[in-house]
Amino acid sequence: MRTGLCGRLGLDDVGRSVRLCGWVARRREHGEHLVFLDLRDYTGLAQCVVDGSLEVRSEDVVAVEGVVRARPEGTANPRLATGEVEIVECRLEVLAAAETPPLSIEDRVEPDEALRMRYRYLDLRRPRMQHNLRLRARVNSALRTAIERHGFCEVETPLLWAPTPEGAREFAVPSRLHHGDFYVLPQSPQLAKQLLMVAGLDRYYQIARCLRDEDPRADRQYEFTQFDLEASFVSQDDVIEIVSDVVSAATEAATGERPEHFEQMTYEEALERFGTDKPDLRFGMELVDLTAAFVGTSLRAFSAPVRRAITLTGGAETPRSRLDALVERARSLGAAGLAWFRVSSDAGEPVLDSPLAGHLSADERTGLLRATGAAPGDMVLAVAGDDRRRVCGVLGALRVELGAKAVGDGPHRFVWVVDFPMFEPDDQGNPVPAHHPFTMPNAEDLSRLATEPLSVRAQSYDLVLNGWELGSGSVRIHRADVQQQVFDALGISVDEARNRFGFLLDAFGYGAPPHGGFAIGLDRMVAIFCGEENIREVIAFPKTQSGADPMTGAPKPLAASALRELGLAPPKP
RNA sequence: GGACCUGUGGUGCAGUUUGGAGUGCACGCCGGCCUGUCAAGCCGGAGGUCGCGGGUUCAAAUCCCGUCAGGUCCGCCA
Numbered sequence: 001m002r003t004g005l006c007g008r009l010g011l012d013d014v015g016r017s018v019r020l021c022g023w024v025a026r027r028r029e030h031g032e033h034l035v036f037l038d039l040r041d042y043t044g045l046a047q048c049v050v051d052g053s054l055e056v057r058s059e060d061v062v063a064v065e066g067v068v069r070a071r072p073e074g075t076a077n078p079r080l081a082t083g084e085v086e087i088v089e090c091r092l093e094v095l096a097a098a099e100t101p102p103l104s105i106e107d108r109v110e111p112d113e114a115l116r117m118r119y120r121y122l123d124l125r126r127p128r129m130q131h132n133l134r135l136r137a138r139v140n141s142a143l144r145t146a147i148e149r150h151g152f153c154e155v156e157t158p159l160l161w162a163p164t165p166e167g168a169r170e171f172a173v174p175s176r177l178h179h180g181d182f183y184v185l186p187q188s189p190q191l192a193k194q195l196l197m198v199a200g201l202d203r204y205y206q207i208a209r210c211l212r213d214e215d216p217r218a219d220r221q222y223e224f225t226q227f228d229l230e231a232s233f234v235s236q237d238d239v240i241e242i243v244s245d246v247v248s249a250a251t252e253a254a255t256g257e258r259p260e261h262f263e264q265m266t267y268e269e270a271l272e273r274f275g276t277d278k279p280d281l282r283f284g285m286e287l288v289d290l291t292a293a294f295v296g297t298s299l300r301a302f303s304a305p306v307r308r309a310i311t312l313t314g315g316a317e318t319p320r321s322r323l324d325a326l327v328e329r330a331r332s333l334g335a336a337g338l339a340w341f342r343v344s345s346d347a348g349e350p351v352l353d354s355p356l357a358g359h360l361s362a363d364e365r366t367g368l369l370r371a372t373g374a375a376p377g378d379m380v381l382a383v384a385g386d387d388r389r390r391v392c393g394v395l396g397a398l399r400v401e402l403g404a405k406a407v408g409d410g411p412h413r414f415v416w417v418v419d420f421p422m423f424e425p426d427d428q429g430n431p432v433p434a435h436h437p438f439t440m441p442n443a444e445d446l447s448r449l450a451t452e453p454l455s456v457r458a459q460s461y462d463l464v465l466n467g468w469e470l471g472s473g474s475v476r477i478h479r480a481d482v483q484q485q486v487f488d489a490l491g492i493s494v495d496e497a498r499n500r501f502g503f504l505l506d507a508f509g510y511g512a513p514p515h516g517g518f519a520i521g522l523d524r525m526v527a528i529f530c531g532e533e534n535i536r537e538v539i540a541f542p543k544t545q546s547g548a549d550p551m552t553g554a555p556k557p558l559a560a561s562a563l564r565e566l567g568l569a570p571p572k573p
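Anchor point for the first sequence: position 306 equals 306 in my numbering, and the numbering is continuous, going up by one each time.
Laid out in structure tokens, this is it:
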């Protein structure tokens, strides 16, 4: 039907007869003997020169037959990839007429989000979206190639799975043949891939769709894609090495540059320096410890045991309204308050300007300046509290909001965060697993499982890129005795464990190899490579924040007959 | 479950703070002119339940209450 693609035309094609197909991107009429028509396909635009009137409209699908020639002297368009050539002696055939589109196909206007979703097929015609989806495909392809070099075997795992009352809320699917019973859609292929290790697949991977019925966000959708892998007879370092390699291959496919190295830091270090387990290493503004500077302080705001600060270099001019908003933001993040100190200069000596400054002793003022290294012109933001994670977390969030560039900007700074705690305290201080309960504790911490569970570190690891968690993984428990110790620490009884995970425990009884794995959040990784702040932009047909699809109308009611067949009652009117 | 932002011809915005006739800009659309444009240009035209409902007022796009939709965030996401 066609001899080539619009965006691939070049001076090499001069003199060729071609037939191109695509959409009418734009037409420029200069009277009845000269019309320029830009033909668009996924590769780009080609200018067709037509002598005579044209009965075509924007977004009509047309085939153009003509001859390629170099554009006349002085009319080449350097801003167009095909700007050196044009097609002349054109004959047009309209393959399909188009209504006037409800949104612009060009990138320079950003239509309303609801409109984009409703006409997603038109939104996807835009060059930006074409670029994103095609880059995503290149990343998929690079990941597959790279992981198969490591001997991994692709296996597809079920979408219809059994409910597991753990972790994220699951999407339920009613059973037609077993009224009252439900399948669930998998939050991840976690248990399936561990069973594949017992099955001797040795090394498994999958580009796996995962589903979680939790409120969507910019970096979270109901359904998302993981590049999921699991390997037998591997250590944490083996997994990190393999994942670093395939992610490097993906980065190279997406950006043309292979990352030089992946840094590594412990969870503790990430929390203390950056106030988060997903540090953005592209800028400084690290947290500093003010504990020593305020020992025995009379200031009630700083009497709490945990005291930290960040310094906003050159931030002294931050207006009061902005500071008030920051205080409010800190509160919404769980801080009791936020103290700010403008640093100004008095005869060359730095002085603090703040509602609290007058309540500080001279030693405290000196200690604060020394600890933060703040100089005249800077702004210091400080938080105190009882909960170290919360205090650091609030400052970590403010650090990102005040200092971070867009996620796709600048270098790609990968960092492995390791030595996560095995458990986190819940509201009552009881240990709940920080990951799933099959994560292997650090060998040297095993003896403390029963006595000090909150001090036990796990063989689990996250990969972070520019402040976004790209994925996480762990070495899994493959020994029944260790698994029992972990269940004990969690207060899960033998019966309860059997009820929830019986099939996995059964499987482990028949010879489970030591194994570990990882899952990369593909949507997030591709979004960063595309310079997008929202993973919707790299998903063909995403949902809105309320979980709806304005195009299909999903979710929708089921017909009463369908409900009956599933054994479900129609909702009360 | 909660906080905040947005909603104005087909599209993107301004107008809302301080109430006074649907006022303005750009794109698109329709018609006309135009032989080298490329976001073509020039002239003319059509196109509106100011998201929806209620309230205050002589008078509401504008103020108040509610509601719907979209977005950002908190909770949630082992």
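From the three backbone atoms N, C-alpha and C, an ideal C-beta is built for every residue, glycine too.
Which residue or residues does DSSP assign as beta-bridge partners of residue i?
i      : result
Thr82  : DSSP output for Thr82 lists no bridge partner at all.
Glu59  : Partner(s): none; Glu59 has no beta bridge.
Gly385 : Val306
Gln47  : Asp38
Phe541 : Paired residues: none, contrary to the question.
Met440 : The partner list for Met440 (beta bridge, DSSP) is empty, contrary to what the question assumes.
Thr311 : Val380
Arg209 : Thr225
Arg448 : DSSP lists no partner for Arg448.
Ile87  : Cys48, Val68
If we ignore side chains and look at the alpha-carbon of each, how far apart do residue i and residue j end up?
i      : j      : result
Thr544 : Glu533 : 15 Å
Asp277 : Leu395 : 13 Å
Leu200 : Arg476 : Sequence check: residue 200 is Gly here, not Leu. Gly200 and Arg476: Cα-Cα distance of roughly 15 Å.
Leu449 : Val464 : 28 Å
His436 : Asp523 : 22 Å
Glu286 : Gly373 : 11 Å
Pro102 : Arg19  : 29 Å
Arg365 : Pro421 : 35 Å
Arg136 : Val526 : 6 Å
Val407 : Glu257 : 17 Å
Thr255 : His261 : 15 Å
Leu446 : Gln483 : 11 Å
Gly294 : Leu402 : Per the sequence shown, residue 294 should be read as Phe rather than Gly. Roughly 25 Å between the two C-alpha positions.
Gly314 : Ala325 : 18 Å
Ser235 : Gln221 : 32 Å
Arg564 : Arg176 : 9 Å
Trp416 : Gln459 : 12 Å
Tyr183 : Glu170 : 10 Å
Leaving out the 5 sequence neighbours to the left and right, which residues in its chain are closer than 8 Å to residue i when beta-carbon positions are compared?
i      : result
Arg57  : Val24, Ala97, Ala98, Thr100
Gly593 : This structure does not reach residue 593, given that the chain is present from 1 up to 573, and the question cannot be answered.
Just curious, the alpha helix (DSSP H) that residue i is in, first and last residue?
i      : result
Gln459 : Counting along the chain, Gln459 falls outside any alpha helix (DSSP H), and DSSP gives it neither H nor E.
Leu201 : Element bounds for Leu201: n/a, residue is neither H nor E.
Ser321 : 320-332
Arg149 : 127-149
Ser610 : One cannot answer for residue 610 here, as it falls past the ends of the chain, which runs 1 to 573.
Ala548 : Per DSSP, Ala548 belongs to no alpha helix (DSSP H) and is neither H nor E.
Val482 : 480-490
Leu369 : 362-372
Met1   : Counting along the chain, Met1 falls outside any alpha helix (DSSP H), and DSSP gives it neither H nor E.
Glu113 : 113-118
At what residues does the beta strand (DSSP E) containing residue i begin and finish?
i      : result
Gly180 : Taken as a continuous stretch (DSSP letters only), Gly180 belongs to no beta strand (DSSP E), as it is neither H nor E.
Gly473 : 468-475
Arg19  : 17-29
Leu352 : 349-353
Val173 : 172-174
Arg536 : Segment: none, Arg536 is in no beta strand (DSSP E) and carries neither H nor E.
Glu424 : 423-425
Asp346 : 339-346
Phe414 : 414-418
Val432 : 431-433
Once you ignore the five residues that flank residue i on each side, which residues in its own chain have a CB closer than 7 Å to its CB?
i     : result
Ala76 : Gly83, Glu84
Glu55 : none
Arg8  : Thr43
Could you pull out every residue in the same chain whose Cβ sits closer than 6 Å to the Cβ of residue i, ignoring the five residues on either side in sequence?
i      : result
Lys193 : Tyr204, Glu230
Val380 : Ala309, Thr311, Phe341, Thr372, Ala374
Leu333 : Val394, Ala397
Ser345 : Pro376
Within the region 500-531, note down every full alpha helix (DSSP H) run reaching 4 residues or more, in order along the chain.
522-530
At 4 residues or longer, and completely inside the region 225-300: list those alpha helix (DSSP H) runs for me, N to C.
236-255, 267-274
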